[in-house]
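To start, the structure under review is shown below, and the notes come after it.
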Amino acid sequence: MFKIPPISAERLPSLLRAMPKAELHIHIEGSLEPELIFALAQRNGLTLPYASVDALRSAYAFTNLQSFLDIYYAGASVLLHEQDFYDMARAYLGRAARDNVLHTELFFDPQTHTARGVAMETVINGLHRACHDARAELGISATLILCFLRHLSEESAFETLEQAMPLRDKIVGVGLDSSELGHPPEKFARVFARCRELGLHLVAHAGEEGPPAYIWSALDVLKVERIDHGVQAVHDAALMQRLAQDRIALTVCPLSNQKLCVFPNLADHNLGKLLDAGLAATVNSDDPAYFGGYINENFTQVFAATGLTAKHAYQLAFNSFEASFAGNADKRVWEHKLKEAFERCVEHDY
Ligand code: HPA
Ligand code: ZN
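Dropping the structure here:
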């Protein structure tokens, strides 16, 4: 294990920004900034129910997950053509590269688009081309995870999987998102089993607002490799032990949790508790255009609010590489760059 050099509290924010990291929990539709929503609406001849960018942004006051989802799905309705999906993803990847994200696995919600008559290939080809170009132009590695909307039926998830099969090579895995309460993971047992047979990686949102039981069933019924959010695990000691023992990563999203009132005060966030219990937690932005910050803002704000240390920072970035679905050779290169960033920080290079 790398010995963390001594780093003062004043230098910690610049280290958090400069350190290489992976982002594993980002809904690409949640990176759609109000300015881009308006630009795409205009390009596509659509009228929005908001008079201006500022009016739209001022509607971003959420009380829980559902109050956010209603406005998030409305924002995504401006996406019609392959170029729209490309522009959205390319904008996010440029922003992530500036935050020293070396690798990211982008969630997308095809049912939000196919329900409006947009073809699956329009969605996937636009996103995939942005990932391809960003690698060439920015050196960032990016892959795609198709998410099923859990408020819809398992039959609809099966249809979605069927539509995506001709583009199987352009996705690395599947996930489960949208309204959690009342839609437990086991509702999707058969479609996840099928995805597993197809060799897709599996993740699911669980324990954001939902109980620890949903995390158990995501693990034991769906057989997921990572849990998205998972912060409710602290209420179940046996579950904490299981997550630590099996090195199941949690993709934690501090600003999302604050904005959706999971933890009304960032100072009350349990990220430190999860790490100190030996869980493989990571920090992510979830829906950065809606929750007030990209990944570095999530790092700097949660560290400032809860008093986490350089050791936690190293662990979080290391976990993000380790928990990714990238190959071992890439992981070793990224982890080496992470150590170098910590050493450079001590030498006061930034
Ligand atoms: N939870 C569930 N579904 C979502 C989220 C989230 O935080 N963001 C976008 N879809
Ligand atoms: Zn999410």
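Residue numbers for the sequence shown, in our numbering: 659 to 1008. Beta carbons: idealized from backbone N, C-alpha and C, even for Gly.
Using the Cα positions of Ala676 and Asn758, report the straight-line distance between them to the nearest angstrom.
6 Å
Straight-line gap, Val832 to Gly888 (C-alpha atoms, nearest Å):
17 Å
Return yes when at least one heavy atom of the ligand ZN lies under 7 Å from the C-beta of His863, else no.
yes
Would you please state the rounded distance, in angstroms, between the beta carbons of Leu804 and Ala792? I believe it to be under 8 Å.
Wrong, their Cβ atoms sit about 19 Å apart, outside the cutoff.
Are there any heavy atoms of the ligand HPA lying less than 7 Å away from the beta-carbon of His790, as far as the coordinates show?
In this structure, His790 has its CB at a distance of at least 7 Å from all heavy atoms of the ligand HPA.
In the DSSP assignment, the alpha helix (DSSP H) including Asp728 goes from what residue to what residue?
Leu723 to Ala734
CB of Leu825 within 8 Å of CB of Val849, strictly:
no
Express the C-alpha separation of Gly775 and Cys1003 in angstroms, rounding to a whole number.
50 Å
If you draw a straight line from the C-alpha of Ile686 to the C-alpha of Asn915, how long is it?
18 Å
How many whole angstroms separate the CB atoms of Thr650 and Ala907, which I take to be in contact at a CB cut-off of 8 Å?
Residue 650 is absent from the structure shown; the chain starts at 659 and stops at 1008.
Sorry if obvious, but does the Cβ on Asp886 come closer than 7 Å to a heavy atom of the ligand ZN?
Taken from the Cβ of Asp886, at least one heavy atom of the ligand ZN lies inside 7 Å.
Cutoff 6 Å; reference Val798; Cβ partners in own chain excluding five residues on either side
Looking at the sequence shown, residue 798 is not Val but Ile. Once the five neighbours on either side are set aside, the close Cβ partners of Ile798 are Leu751, Ala755 and Ala792.
Quick one, are the C-beta atoms of Asp934 and Thr909 less than 8 Å apart?
When the beta-carbon positions are compared, Asp934 and Thr909 stay at least 8 Å from each other.
Starting from the C-beta of Phe765, find all residues in its chain whose C-beta is less than 6 Å away, skip the five residues before and the five after it, and write them out in chain order.
His685, Ile803, Cys805 and Gly833
Please report how far the alpha carbon of Leu901 lies from the alpha carbon of Gly865, in whole angstroms.
13 Å
Does the beta-carbon of Asp944, which I'm using as the reference point, lie nearer than 7 Å to any heavy atom of the ligand ZN?
yes
For the beta strand (DSSP E) holding Val941, just list the boundary residues, first then last.
Ala938 to Val941
Counterpart residues of Val832 in DSSP-defined beta bridges:
Leu804 and Leu860
Which residues share a DSSP beta bridge with Phe765?
Bridge partners of Phe765: His685 and Ile803.
What's the call for Leu856, buried or exposed, on a 16-neighbour Cβ count within 10 Å?
exposed
Ignore the nearest five residues each way along the sequence and tell me which others in Leu704's own chain have a CB closer than 7 Å to its CB.
Val736
Which one or two residues does DSSP pair with Ile885 in a beta bridge?
Per DSSP, Ala862 and Leu908.
Assign Phe961 to buried or exposed, taking buried as 16 or more other Cβ atoms, counted over all protein chains shown, within 10 Å of its Cβ.
Residue burial is scored here from C-beta neighbours: Phe961 has at least 16 other C-beta atoms within 10 angstroms and is therefore classed as buried.
Alpha carbon to alpha carbon, what distance is there between Asn722 and Pro924?
Rather than Pro, the amino acid found at residue 924 in this sequence is Leu. Answer to the nearest angstrom: the Cα atoms are 15 Å apart.
Beta-carbon proximity check, Tyr948 vs Tyr730, cutoff 8 Å
yes
What's the C-alpha gap between Leu860 and Phe696?
Whole-angstrom Cα-Cα distance: 34 Å.
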